[in-house]
DNA sequence: TACATACCGGACAAATTTGTCCTTTAATTT
DNA sequence: AAATTAAAGGACAAATTTGTCCGGTATGTA
Ligand code: FES
Ligand code: FES
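What follows is the structure, given as structure tokens:
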């Protein structure tokens with residue numbers, strides 16, 4: 015569905031959001047441990063998100079990553095996905111035709127469209143803050159324990 | 015969404031199905047030209063589908079690929095996808111957790127499940143034959159012309 | 001049987017994604 | 001100011017996906 019980079023990016027954002035909601039800024043090491051992701055790779059992805067202004071970062075001692083109250087309220091899953099994976103999966107043809115369009119649709123087009131639209135809607139309507147509070151309430155997990 | 019290999023595999027199967035419905039057996043070169051895919055790579059993918067018995071092949075002169083009437087009737091999109099991409103995308107967690115389960119669900123789990131289920135249902139209920147006739151009737155395309 | 005055709009299979013190559021390492025830059029603390 | 005902390009950035013490495021090439025194998029035809 016999403017790339018590994020995107021999965022890590024989403025999980026990281028949610029974890030950062032969860033901690034930010036409690037006024038805690040978190041470091042890379044902490045993040046990677048809490049979402050079970052490779053540390054250095056996660057750093058690269060967070061850089062992208064910071065550049066895209068979907069996550070904030072502070073250097074130096076007591077620095078780390080955080081979500082501003084505004085980011086917590088407004089940044090959607092969709093923005094994270096687009097920043098990392100681009101729009102291909104959200105707009106592209108299921109069968110890989112260069113254009114998804116009703117002009118020359120692939121044989122799955124009309125069946126596929128409503129599902130893709132629901133996915134778009136899902137990503138568009140869920141903010142990081144919302145997902146973070148779900149994790150906070152123990153209704154969702156960012157890694158699994160055995 | 016799907017891998018390139020899977021996209022080519024689906025398009026190829028549908029094209030083969032369309033021709034088989036008319037009693038025509040088709041060669042690799044023809045297929046690659048009609049679905050706009052790299053020839054040698056498409057060959058590899060077709061090998062997989064033949065081994066999985068989702069497509070039939072005949073060697074030698076006047077040989078090529080075809081779908082038996084039974085295959086045309088029973089092979090689903092889902093079988094093609096599983097044969098090439100495996101079941102990860104049809105069962106895996108949206109955020110990449112090692113297990114998708116209500117036991118320790120990711121924060122998107124309950125929103126994501128219905129969409130994934132619809133996708134599964136879509137793939138499960140569409141046969142290659144059905145899609146092939148759609149193409150045959152000009153209601154769907156396997157490549158695009160500019 | 002010899003030959004031509006077309007899929008099969010393995011090895012190889014390119015491109016992309018995933019992941020690591022190390023130096024630089026910025027901020028805080030002593 | 002110096003030392004320490006932590007993210008930023010670049011170069012590099014491994015793994016996977018995508019794609020090519022070529023000899024082998026089966027099949028039909030002359
Ligand atoms: S053309 Fe294939 S999904 Fe729209
Ligand atoms: S646990 Fe993530 S989708 Fe089910």
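Protein chains in written order, with the numbering used here: chain A, 15 to 160; chain B, 15 to 160.
Glycine is no exception: its CB is placed at the ideal position from the N, C-alpha and C atoms.
* Per-residue DSSP class, three states only, for residue 71 (chain B) -> Here residue 71 (chain B) refers to the residue found at position 57 of the second chain. For residue 71 (chain B), the three-state secondary structure derived from DSSP is strand.
* Since residue 62 (chain B) and residue 98 (chain B) are thought to touch, with beta carbons under 8 Å apart, how far apart are those beta carbons, to the nearest angstrom? -> Stepping through the second chain from its first residue, residue 62 (chain B) is reached at position 48. Stepping through the second chain from its first residue, residue 98 (chain B) is reached at position 84. That belief holds up - the Cβ atoms of residue 62 (chain B) and residue 98 (chain B) are roughly 6 Å apart, short of 8 Å.
* Asked: Which residues in the same chain have their Cβ closer than 8 Å to the Cβ of residue 135 (chain A), if we skip the five residues on either side of it in sequence?
  -> Counting from one through the first chain, the residue named residue 135 (chain A) turns up at place 121. Closer than 8 Å at the Cβ level, and outside the excluded window around residue 135 (chain A), lies no residue.
* Does any C-beta atom of chain A lie closer than 8 Å to the C-beta of residue 53 (chain B)? -> Position 39 of the second chain, counted from the start, is the residue given in the question as residue 53 (chain B). Not one chain A Cβ lies under 8 Å of residue 53 (chain B).
* To do: Determine the DSSP secondary structure at residue 56 (chain B), reduced to helix, strand or coil.
  => As a first step, residue 56 (chain B) must be located in the second chain, where it is residue number 42. Under the three-state reduction of DSSP output, residue 56 (chain B) falls in the helix class.
* Sorry if obvious, but does the Cβ on residue 15 (chain A) come closer than 7 Å to a heavy atom of ligand 2? -> Against the first chain, residue 15 (chain A) aligns to sequence position 1. Answer for residue 15 (chain A): no, Cβ out of range of ligand 2.
* Taking the continuous beta strand (DSSP E) assigned at residue 80 (chain B), which residues delimit it? -> As a working mapping, residue 80 (chain B) is identified with position 66 in the second chain. Where residue 80 (chain B) is concerned, the enclosing beta strand (DSSP E) stretches over 78-80.
* **Sequence-distant residues of its chain with Cβ nearer than 6 Å to residue 64 (chain B) (five each side left out)** => To locate residue 64 (chain B), count along the second chain from 1; it is residue 50. Closer than 6 Å at Cβ, skipping near neighbours: 71.
* In the DSSP assignment, find the alpha helix (DSSP H) that holds residue 44 (chain A) and state where it starts and stops. => Along the first chain, one-based indexing puts residue 44 (chain A) at 30. Here the alpha helix (DSSP H) through residue 44 (chain A) covers 42-49.
* Asked: Heavy atom of ligand 1 less than 7 Å from the Cβ of residue 111 (chain A), yes or no?
  -> Locating residue 111 (chain A) in the first chain gives position 97, counting from the first residue. Ligand 1 has a heavy atom closer than 7 Å to the beta-carbon of residue 111 (chain A).
* Take the Cβ of residue 105 (chain A) as the centre, count every other Cβ of all protein chains shown within 10 Å, and call the residue buried at 16 or more, exposed below. => The sequence position of residue 105 (chain A) within the first chain is 91, counting from 1. Label assigned to residue 105 (chain A): exposed.
* Compare the Cα-Cα distances from residue 160 (chain A) to each of A:27, A:50, A:59, A:21 and report the closest residue. => As a working mapping, residue 160 (chain A) is identified with position 146 in the first chain. Here the closest residue by C-alpha is A:50.
* Asked: So residue 69 (chain B) and residue 86 (chain B) are in contact, right, with Cβ under 8 Å, and what is the actual spacing, rounded?
  -> Along the second chain, read from residue 1 onward, the residue named residue 69 (chain B) stands at position 55. Along the second chain, read from residue 1 onward, the residue named residue 86 (chain B) stands at position 72. The pair is not a contact, with the Cβ atoms about 10 Å apart (cut-off 8 Å).
* To do: Specify the secondary structure class of residue 139 (chain A) as computed by DSSP and reduced to three states.
  => Stepping through the first chain from its first residue, residue 139 (chain A) is reached at position 125. Residue 139 (chain A): helix per DSSP, three-state reduction.
* Selection from B:146, B:39, B:108, B:147 that minimises the alpha carbon distance to residue 73 (chain B) -> Translated into positions along the second chain, residue 73 (chain B) becomes position 59. Comparing Cα-Cα distances from residue 73 (chain B) to each of B:146, B:39, B:108, B:147, the minimum goes to B:39.
* Host alpha helix (DSSP H) of residue 26 (chain B) (start-end) -> If you number the second chain from 1, residue 26 (chain B) lands on position 12. Counting along the chain, the alpha helix (DSSP H) containing residue 26 (chain B) begins and ends at 18-34.
* the stretch 147-160 of chain A in contact with the stretch 125-141 of chain B per 3-pair CB rule at 8 Å -> no
* To do: Measure from the alpha carbon of residue 19 (chain B) to the alpha carbon of each residue in B:147, B:100, B:107, B:152, then state which is nearest.
  => Numbered from its first residue, the second chain carries residue 19 (chain B) at position 5. When only C-alpha atoms are compared, the closest one is B:100.
* Asked: When you compare each of A:94, A:112, A:76 to residue 141 (chain A) by their alpha carbons, which one comes out closest?
  -> Locating residue 141 (chain A) in the first chain gives position 127, counting from the first residue. The shortest Cα separation from residue 141 (chain A) among A:94, A:112, A:76 belongs to A:94.
* Which whole-angstrom value describes the C-beta separation of residue 147 (chain A) and residue 26 (chain A), a residue pair presumed to lie in contact below a C-beta threshold of 8 Å? -> Taking the first residue of the first chain as position 1, residue 147 (chain A) is located at position 133. Taking the first residue of the first chain as position 1, residue 26 (chain A) is located at position 12. In fact, because the Cβ distance is near 17 Å, the residues do not count as touching under 8 Å.
* Would residue 56 (chain B) be called buried (16 or more neighbouring beta carbons within 10 Å of its own) or exposed? -> Locating residue 56 (chain B) in the second chain gives position 42, where the first residue counts as 1. Buried: at least 16 other Cβ atoms inside 10 Å.
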